[in-house]
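Sequence order for the protein chains is A and B.
The first sequence begins at 1 in this note's numbering and counts up one residue at a time.
The second sequence begins at 1 in this note's numbering and counts up one residue at a time.
Note that CB positions come from ideal geometry on N, CA and C, so glycine has one too.
Accompanying notes for the structure given below.
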Amino acid sequence: MKKKRTKLLVFFALAGILVLFYMIGESYCEGLSRGSSLEEKNEVMCKYKYDMIVDSPNSSFWQAVYDCAQEWAQKNDAILELRGSGRESDYSKLDYMNMSIASNSDGIILQYSGEQGLEAKINEAVQKGIPVVTVMGDAVHSKRQSFVGVSDYQLGSAYGEKVAEYVTEDTESILILLKKNIDDMNQSQIYTQISNAAQAKAGSLQNIQITGKNLRLTGTFETEEAVTDIFQQRDKIPDILVCMDEETTECARQAVLDFNLAGKVTIIGYYSSEDILTAVEKGVISVTCDVDTEQLGRYSIEALTAYQKDGRTNSYYNVDINFLDKNAVREMRRKGVSG
Amino acid sequence: MKQLRWKDFSLVSKIVIEVGMIAVLLFAMNMLFYVRINNSMQKMDNVYASNAELTELSQVFEKVQDNMYKYLKVKNSQTLLDYYQNEAKYRNELEKLNEDNINDPVKLLERNIRKMSETYLDCTAETVAAKRGRNVEQYKRKYDDATKLYRYIQSSIDELNNLMFQENSSTYAVLRAVMRYLEISNSVIMIIIVAGGMLLLIQATRNMFVPLSNMAETAQLVGQGNFHVKMHDTDAQDELGTVTRAFNTMVENLDLYMARTKASMEKEQQMMERELLMENHLKEAQLKYLQSQINPHFLFNSLNAGAQLAMMEDAEQTGIFVEKMADFFRYNVKKGQEDATLGEELEAVDNYIYILNVRFAGDIHFSKEVDESLENVRMPSMILQPVVENAVNHGIRDIEWEGKIHLTVTGDADYIRISVKDNGKGMTQEQIEGVLSGNREHRNEEGDSTGIGMNNVISRLELYYEESGLMEINSEGEGKGTEAVIYIPVHEN
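Shown next, in the form of structure tokens:
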């Protein structure tokens, strides 16, 4: 009798193990098949949807801005889409504006660089109840709700100060690389500010040739070619090269290295990507202007949120800029390492 | 209601149930695997369904644009109808797309496509309306807008398709892994179940056949003559239970028959032994006579001749004496081999007393009291005479007073009681026990005896009637006489 009971027990234990085995397997299987879609399950539904339209959405500068802005957007019940970041398309900012308007976006963050028709688009969007916030470049004459960034005047005088620091007696030429949709350099506040500051430093005796070059983009890789062109004309290589965006700065750095001109050409750069910082540290780039990306992102969203909530917003948000030279970068790294 | 027990099922049912259960288990397992694999296959089928749907959406979308273009080109009611149909269809398709602001690239793209499409459809509607209203400038402008939107939407759909394809591809890879897992787990489960089933089947079959092999062993033992082995008792109602019980009953019965046969054989043996013994005793008695009377016929004839001679000489007394002697010896010789009647026995006693009285000049006073109806009762021969002789030789011989012997024959329903009583020396209790147990022989007086001892008489009586205690000797002590009583069972007659 006892033997029989033991047998029965063993039988049931085996059956139990089998069932357990099967169930574990099944749940593993379920988990596996659900695992793939699990990541997307973490979906958040938001009230607002904003679009961000910038020149080079994949640059680390705009990525940094986007990351901050998205963070703030989420805090304010909104999602932010960085237009053109995911695809290799030849859509212009105008096209993206069209798309945003057509898809009833709740707000547009736009980097305005003076493209033709863009102001009209801004006005169209605003007319359709979509608030537009311009960043880094302002469309002063449009109906945009707000501008976030550094005004050209401010940026120009800051750069002017820096350029003036590097102007010596031997300085013969200064080249300013801009990306603006303007026909005459004199229309650019940046150019005039830098130019004025440099001239003031040099004084009337020294004749410094100050040129502005507009790298208005018409196609891919254009910047690289334009910068390389400058360095290929041996006699026309400037003593001070002022770059007003990240891409140009990186191209200039590469060209200086390629043409073995490190230390001979003073580059005043823009933005603090890893490559640029390393270049500053090594002395390839003399100094770089660091725009506070966090402020940029945050203020953009704040402007839109304020408009959605109250129907109006500040028309101007000022973002801090900061120049980093070799010592400052080292200091920063030291803090970064120890902190 | 009777409880249904496993051991009550027949062997065929048991095997059918066991094999059936394993078959059902395997079948169920197969079905399970089928369902599992089918599920996965379905999931796999569904993987690219979203891409297919999107492609369909894109096609309908193209048709809307196409129909609008055709209508603008040639104002045709059929194309207008087509346009409206496709527009409705496209709106339906759009319903499937997400319209909420969700932070997922796919969902966001869906939302954009949906919203843009709505704008686009408004735009096309305006275009068509303008065309119908012949507002040339407006429909051209609206058509340009619509076409621009068309390009945006189409590229967005392409992008979405791409995104979905990437996502689906990873899902597909996962499903491939799931299928692989299913394959392995199915094999493992199958192996376990088949092995377990085999073990169970072996166990069950063994359980079934253990009683059979036990029975074979037991049967061998029984065949060797051991009837005390038995199978374990069972109340199972299957064939094995029936066979086990039948086997046990058979062994029991065999045992019983053997015991009976043995008993009857023993009885037979006993009977044979008894007969042999009786014959021996008779032979012994006869031998005694033959020893003492070498040629009885010669002696009878001589005695007869003597009796005739006495008659002729007118010696009547002598003649009677010799005749009685002759009768006595003749009876001894004749009846030595068979039984006799009580009357014949009494006659022999009379003759013997007569002879003794002649010899001892009438010293023996013999009297008898006989129920004459009992004279024809048969009994072993030569019983009474030795008893009377005993009474004469050991009772009244050499006594000072007058010796008397009294013989009484009475009867009741069970026994005939023959009492031989003397007033002689009497016996002690020891002597009585010695005589009755047959230990004590009176060999010293053999010379004057007819030769048959008391133990011979007792033995023959007991053998004849197969009963003991048929002789009884009573004496109140020395000098107070002795009574020997013989009981003859009546039922034998």
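Am I right that residue i and residue j are in contact with their C-beta atoms under 8 Å? What's the rounded C-beta distance?
i, j, result
"D51/A", "S100/A", "4 Å"
"S300/A", "V148/A", "5 Å"
"L461/B", "V409/B", "Not quite, the Cβ-Cβ distance comes to about 15 Å (not below 8 Å), so this is no contact."
"V485/B", "I418/B", "7 Å"
"E389/B", "Y352/B", "7 Å"
"M179/B", "S40/B", "5 Å"
Please state if the CB of residue j and the CB of residue i are separated by a distance shorter than 8 Å.
i, j, result
"I109/A", "V140/A", "no"
"K107/B", "E43/A", "yes"
"K230/B", "N248/B", "yes"
"S188/A", "G212/A", "yes"
"G263/A", "G283/A", "yes"
"M68/B", "Y83/B", "yes"
"L57/B", "E93/B", "yes"
"I190/A", "D152/A", "yes"
"D77/A", "C46/A", "yes"
"F221/A", "A255/A", "no"
"V163/A", "I285/A", "no"
"L215/A", "K179/A", "yes"
"A198/A", "I210/A", "yes"
"Y159/A", "C289/A", "yes"
"K368/B", "L309/B", "no"
"T228/A", "L177/A", "no"
"G319/B", "M325/B", "no"
Per DSSP, residue i forms a beta bridge with which residues?
i, result
"C46/A", "N101/B"
"T341/B", "R378/B"
"A484/B", "V420/B, I473/B"
"M116/B", "Partner(s): none; M116/B has no beta bridge."
"S173/A", "Q209/A"
"S146/A", "V133/A"
"T266/A", "I240/A"
Would you kindly work out how many angstroms separate the C-alpha atoms of residue i and residue j, rounded to a whole number?
i, j, result
"K75/B", "R36/B", "56 Å"
"V16/B", "I22/B", "10 Å"
"W6/B", "K14/B", "8 Å"
"E441/B", "N456/B", "Note that E441/B scores a pLDDT of 49, beneath 50, so its modelled location is shaky; the value from the coordinates is reported in the next line. E441/B and N456/B: Cα-Cα distance of roughly 10 Å."
"K142/B", "Y48/B", "36 Å"
"S146/A", "D100/B", "26 Å"
"V24/B", "P211/B", "28 Å"
"N214/B", "G16/A", "35 Å"
"V392/B", "I473/B", "15 Å"
"Q70/A", "D320/A", "20 Å"
"R151/B", "D145/B", "10 Å"
"D255/B", "V222/B", "10 Å"
"F227/B", "A263/B", "16 Å"
"S27/A", "I184/B", "15 Å"
"D245/A", "R334/A", "26 Å"
"N196/A", "V265/A", "21 Å"
"D372/B", "L470/B", "It should be pointed out that residue 372/B corresponds to Glu in this sequence rather than to Asp. Between E372/B and L470/B, the C-alpha separation is close to 22 Å."
"K425/B", "E483/B", "11 Å"
"L38/A", "G31/A", "Any reading at L38/A needs caution, since the residue's pLDDT is 46, under 50, leaving its predicted position unreliable; the model's value is listed next. Whole-angstrom Cα-Cα distance: 9 Å."
"E344/B", "D327/B", "11 Å"
"F61/B", "N86/B", "8 Å"
"M271/B", "M278/B", "10 Å"
"E118/B", "A173/B", "35 Å"
Just to confirm my understanding: we take residue i, look at its own chain, exclude 5 residues before and 5 after, and list those with CB closer than 6 Å. What are they?
i, result
"S157/A", "Q193"
"F12/A", "none"
"G339/A", "Low local confidence applies: a pLDDT of 43 at G339/A is under 50, so the model's placement there is unreliable, with the coordinate-based value given in what follows. Hits under 6 Å: none found."
Under 8 Å Cβ to Cβ from residue i, same chain only, skipping five residues before and after it: list those, please.
i, result
"E446/B", "Note that E446/B scores a pLDDT of 45, beneath 50, so its modelled location is shaky; the value from the coordinates is reported in the next line. If we look at E446/B and ignore the five residues flanking it on each side, it has no Cβ neighbours."
"R349/A", "Here chain A comprises residues numbered 1 to 339, so residue 349/A is not present and cannot be evaluated."
"A428/B", "Looking at the sequence shown, residue 428/B is not Ala but Thr. Within the same chain, T428/B has close Cβ partners S475, G477, E478."
"K414/A", "Nothing can be reported for residue 414/A: it is not among the residues displayed for chain A, which extend from 1 to 339."
"S50/B", "M164, N168"
Tell me which same chain residues have a C-beta within less than 7 Å of the C-beta of residue i, skipping the five on either side of it?
i, result
"S105/A", "K49, Y50, D51, I130"
"I113/B", "L97, I153, S156, I157, L160"
"L82/A", "M52, P57, Y66"
"V10/A", "none"
"A328/A", "none"
"L182/B", "R36, I37, S40"
Determine, using beta carbons only, whether residue i comes closer than 8 Å to chain C.
i, result
"S264/B", "Considering every chain present, this structure includes no chain C. Its protein chains are A and B."
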